[in-house]
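First to last, the sequence lines map onto chains A and B.
Per the numbering used here, residue 1 is the first one in the first sequence, and the count goes up by one each step.
Per the numbering used here, residue 1 is the first one in the second sequence, and the count goes up by one each step.
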Amino acid sequence: DAGVIQSPRHEVTEMGQEVTLRCKPISGHDYLFWYRQTMMRGLELLIYFNNNVPIDDSGMPEDRFSAKMPNASFSTLKIQPSEPRDSAVYFCAGGDGSNYGYTFGSGTRLTVV
Amino acid sequence: RKEVEQDPGPFNVPEGATVAFNCTYSNSASQSFFWYRQDCRKEPKLLMSVYSSGNEDGRFTAQLNRASQYISLLIRDSKLSDSATYLCVVTSGGGADGLTFGKGTHLIIQP
């Protein structure tokens, strides 16, 4: 199993541009999470899906952020338009809802200049 | 009060020593607890789940105190490779609901 796969690993973009982050979860994991990590705020849950359905998006900062999960093997997080304060590491994580924890992807380091 | 609180450290500990740190949580309905480890510029990785009866995995021991609403992590005979940030994770419901991370405790093991 290749684990949770995120792309791109690094993204540098100019303010105002659209950014799309991608995640391929582990097969069989019913839950998929998007997190953002910064030094100041730590790991913040943005949104999570269960069986491809968004369950809780209360952590999404504002309307500029949107996430989709069209099928069990793919999810995207989109920021449009991007702002410098969106600069962070964005992690995708998955799990089966058991007491065995969750597996994270390697993250996308986003820099908005 | 923050939902999950940890002492950010850093904890500077000599190699071979025993180190322990706690994590407090505010939601008494919290059901599942985990410790994750995060190395610099890497993703968090599950270290161990924390069970009500406490559990041990080699040099690592995790305990849960529901009455005082904290979990602890004890590392014995610390190794240089234990240097990392240790994140406390608490879920407030069944399954994946309410997965909340602490900001982590930074541990540095010194030779």
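Heads up, the beta-carbon is just placed ideally off N, CA and C, and yes, glycines get one too.
A residue is called buried once 16 or more other Cβ atoms fall within 10 Å of its Cβ, and residue 61/A, having fewer, is exposed. Its Cα nearest to that of residue 36/A, the residue 77/A stands out among 73/A, 113/A, 77/A and 97/A. A straight line joining the alpha-carbon of residue 41/B with that of residue 50/A spans about 28 Å.
In the DSSP assignment, residue 78/A falls within the beta strand (DSSP E) that extends over 74-79. For residue 5/B, not one C-beta of chain A is nearer than 7 Å to its own C-beta. Against chain A, a Cβ distance below 9 Å from residue 10/B picks out nothing, because the smallest value is about 14 Å. For residue 96/A, no beta strand (DSSP E) segment is defined, and its DSSP state is neither H nor E. Short of 8 Å from the beta carbon of residue 113/A, and not among the five residues preceding or following it, lie these beta carbons of its own chain, in chain order: 12, 13, 14, 15 and 84. Assigned with DSSP and collapsed to three states, residue 82/B falls in helix. Excluding five sequence positions before and after residue 11/B, the CB atoms of its chain that fall closer than 8 Å to its own CB belong to 19, 21, 105, 106, 107 and 108, given in chain order. For residue 15/A, there is no enclosing beta strand (DSSP E), since its DSSP letter is neither H nor E. Here residue 19/A has 11, 13, 78, 79, 80, 82, 86, 110 and 112 as same chain residues with Cβ atoms under 8 Å from its own Cβ, once five neighbours each way along the sequence are excluded. By the Cβ neighbour-count rule, residue 15/B is exposed, with fewer than 16 other Cβ atoms within 10 Å of its own. For residue 61/B and residue 64/A, the gap between their C-alpha atoms comes out near 43 Å. Taking all protein chains shown into account, residue 79/B has fewer than 16 neighbouring C-beta atoms within 10 Å of its C-beta and is therefore exposed.
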